[in-house]
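Notes for the one structure printed next.
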Amino acid sequence: MTDVDPAVDPALRDAVRDLLDVVEERGDGVLPIVQAGDPVLRRPANPYTGQLGDDLGRLLETMRRTMRAAPGVGLAAPQVGIPLAIAVVEDAGAPVDAPRARTPLPYRVLVNPRYEGVPGPDGEPVRVAFFEGCLSVSGWQAVVARHRSVRLTGQDETGAALDEVLTGWPARIVQHETDHLAGELYLDHAQPRSLSSNENLARWWPDPDPRAAAETLGFALG
Ligand code: NI
Numbered sequence: 000m001t002d003v004d005p006a007v008d009p010a011l012r013d014a015v016r017d018l019l020d021v022v023e024e025r026g027d028g029v030l031p032i033v034q035a036g037d038p039v040l041r042r043p044a045n046p047y048t049g050q051l052g053d054d055l056g057r058l059l060e061t062m063r064r065t066m067r068a069a070p071g072v073g074l075a076a077p078q079v080g081i082p083l084a085i086a087v088v089e090d091a092g093a094p095v096d097a098p099r100a101r102t103p104l105p106y107r108v109l110v111n112p113r114y115e116g117v118p119g120p121d122g123e124p125v126r127v128a129f130f131e132g133c134l135s136v137s138g139w140q141a142v143v144a145r146h147r148s149v150r151l152t153g154q155d156e157t158g159a160a161l162d163e164v165l166t167g168w169p170a171r172i173v174q175h176e177t178d179h180l181a182g183e184l185y186l187d188h189a190q191p192r193s194l195s196s197n198e199n200l201a202r203w204w205p206d207p208d209p210r211a212a213a214e215t216l217g218f219a220l221g
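In this text, residue positions in the sequence shown follow numbering that gives the first Met the number 0: the first is 0, and each later residue adds one.
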């Protein structure tokens with residue numbers, strides 16, 4: 000009965016069906032990831048209001064597979080060329096990674112997400128700066144100062160309301176993915192002098208603290 004669902008956008012749904020059919024025919028079940036410079040990454044995504052009808056689940060499964068294969072910890076629909084405000088996130092975490100507070104973020108779907116920073120006990124904003132990367136800026140990372148904690152609102156894939164506080168690396172992941180849906184890339188908020196190829200980042204790894212890189216490359220952490 001999808002065809003009579005008034006929320007469905009037949010042209011968009013058909014475009015998604017075509018994309019998923021091509022991916023399935025190719026065999027690996029993984030979507031190509033759009034790289035920086037493609038206009039779809041720079042346009043605010045359309046709020047999701049049911050445009051894909053019953054096909055949403057198939058898209059989400061393919062986005063999840065694509066994120067895992069990349070591998071990545073988040074993927075927004077515009078990164079696979081679909082201009083809808085939908086993202087998937089998942090991170091196994093890294094328990095010994097104390098500075099980044101990289102606690103596990105179980106797989107979940109964000110529909111029409113929004114976030115706001117949660118201030119510290121003194122009422123002042125709390126930002127933390129770390130290197131991050133993006134599947135659409137392949138091969139590079141840069142330091143971005145982001146809210147340590149955010150209040151995340153929106154819906155899940157069933158339409159149920161989402162309202163919760165996330166802290167540490169999970170908070171960074173949802174900020175990064177939500178920014179994608181506003182047509183923003185992490186580079187828009189990064190310290191330009193911190194830009195490093197993945198190969199050069201190995202100089203500082205496995206220490207995720209960016210202070211040595213800040214001193215050597217000459218950028219601020221604020
Ligand atoms: Ni990204």
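The beta carbon of each residue, even a glycine, is placed where N, CA and C say it ideally should be. Keep in mind that this is a model prediction, so the values were computed, not measured.
Which residues count as close to the ligand NI when the rule is a CB under 6 Å from any of its heavy atoms, in chain order?
Qualifying residues come out as 133, 134, 135, 175 and 179.
What's the call for residue 145, buried or exposed, on a 16-neighbour Cβ count within 10 Å?
In the sequence shown, counting from the first residue as 1, residue 145 sits at position 146. Per the 10 Å Cβ criterion, buried.
Closer than 6 Å by C-beta to residue 143: which residues in its own chain qualify, once you throw out the five before and the five after it? Chain order, please.
By 1-based counting over the sequence shown, the position of residue 143 is 144. Correct list, in chain order: 131, 185, 188 and 189.
Report the residue ranges of all alpha helix (DSSP H) runs contained in full by the stretch 119-145; include only those spanning at least 4 residues, in chain order.
Those alpha helix (DSSP H) runs which fall completely within the stretch 119-145 and span 4+ residues do not exist here.
By a C-beta neighbour count over all protein chains shown, 10 Å radius and 16 as the cutoff for buried, is residue 3 buried or exposed?
Taking the first residue of the sequence shown as 1, we reach residue 3 at position 4. Residue 3 comes out exposed.
Keeping to the same chain, check which residues put their C-beta closer than 7 Å to that of residue 88; ignore five residues upstream and five downstream.
Along the sequence shown, read from residue 1 onward, the residue named residue 88 stands at position 89. Once the five neighbours on either side are set aside, the close Cβ partners of residue 88 are 72, 73, 104, 107, 109, 172, 173 and 176.
Roughly how many angstroms lie between the CA atoms of residue 194 and residue 129, to the nearest whole one?
On the sequence shown, position 195 is the one that residue 194 refers to. On the sequence shown, position 130 is the one that residue 129 refers to. Approximately 12 Å between the Cα atoms of the pair.
How would you label residue 111, buried or exposed, when you count the other beta carbons within 10 angstroms and need 16 or more for buried?
Working through the sequence shown from its first residue, we reach residue 111 at position 112. By the 10 Å Cβ count, residue 111 comes out buried.
Ends of the alpha helix (DSSP H) at residue 211?
Translated into the one-based positions of the sequence shown, residue 211 becomes position 212. Element bounds for residue 211: 210-216.
For residue 185, does the three-state DSSP call read helix, strand or coil?
The residue you call residue 185 lines up with position 186 of the sequence shown. Helix.
Give the range of the alpha helix (DSSP H) segment to which residue 233 is assigned.
For residue 233 there is no data in the structure shown, the boundaries of the chain being 0 and 221.
Could you tell me the distance, in whole angstroms, from the CA atom of residue 42 to the CA atom of residue 62?
For the purposes of this step, residue 42 is identified with residue 43 of the sequence shown, where counting begins at 1. For the purposes of this step, residue 62 is identified with residue 63 of the sequence shown, where counting begins at 1. C-alpha separation (whole angstroms): 19 Å.
Just the Cα atoms here: how many angstroms apart are residue 121 and residue 183?
Numbered from its first residue, the sequence shown carries residue 121 at position 122. Numbered from its first residue, the sequence shown carries residue 183 at position 184. Going from the Cα of residue 121 to the Cα of residue 183 covers about 30 Å.
Quick check on residue 118: buried or exposed, where buried means 16 or more other Cβ atoms within 10 Å of its Cβ?
One-based indexing of the sequence shown puts residue 118 at position 119. When all chains shown are included, residue 118 counts as exposed.
With a 10 Å radius around its C-beta and 16 neighbouring C-beta atoms as the bar for buried, classify residue 226 as buried or exposed.
Lying before the first or after the last residue shown, residue 226 is absent from the chain, which here runs from 0 to 221.
Would residue 101 and residue 168 qualify as a contact pair, given that the criterion is a beta-carbon distance under 8 Å?
Counting from one through the sequence shown, the residue named residue 101 turns up at place 102. Counting from one through the sequence shown, the residue named residue 168 turns up at place 169. The answer is yes: Cβ separation under 8 Å.
Measure the Cβ-Cβ separation of residue 83 and residue 45 and say whether it is below 8 Å.
In the sequence shown, residue 83 corresponds to position 84, counting from 1. In the sequence shown, residue 45 corresponds to position 46, counting from 1. Yes; because the gap between Cβ atoms is below 8 Å, this pair is in contact.
Under the assumption that residue 64 contacts residue 115 (Cβ atoms under 8 Å), give the Cβ distance between them as a whole number of angstroms.
Taking the first residue of the sequence shown as 1, we reach residue 64 at position 65. Taking the first residue of the sequence shown as 1, we reach residue 115 at position 116. Contact flag wrong, Cβ pair sits at about 31 Å.
Report the partner residues of residue 154 according to the DSSP bridge assignment.
Within the sequence shown, residue 154 is the residue found at index 155, counting from 1. BP columns for residue 154 point to 110 and 160.
One question on the structure: do residue 33 and residue 80 come within less than 8 Å of each other, judged by their Cβ atoms?
Residue numbering aside, residue 33 sits at position 34 when the sequence shown is read from its first letter. Residue numbering aside, residue 80 sits at position 81 when the sequence shown is read from its first letter. Cβ distance < 8 Å, so residue 33 and residue 80 count as in contact.
I'd like to check one pair, residue 50 with residue 16: are the Cβ atoms closer than 8 Å?
Within the sequence shown, numbered from 1, the residue matching residue 16 stands at position 17. Within the sequence shown, numbered from 1, the residue matching residue 50 stands at position 51. No, Cβ-Cβ distance for residue 16 and residue 50 is not below 8 Å.
Let me make sure I understand the geometry here. Which of 140, 113, 148 and 141 has the alpha-carbon closest to that of residue 126?
The sequence position of residue 126 within the sequence shown is 127, counting from 1. Of 140, 113, 148 and 141, the residue nearest in Cα terms is 148.
Evaluate residue 141 with the Cβ neighbour count: other Cβ atoms within 10 Å of its Cβ, from every protein chain shown; 16 or more gives buried, anything less gives exposed.
For this step, residue 141 is matched to residue 142 along the sequence shown. Flag for residue 141 reads buried.
Would residue 206 be called buried (16 or more neighbouring beta carbons within 10 Å of its own) or exposed?
As a first step, residue 206 must be located in the sequence shown, where it is residue number 207. Its Cβ having fewer than 16 others within 10 Å, residue 206 is exposed.
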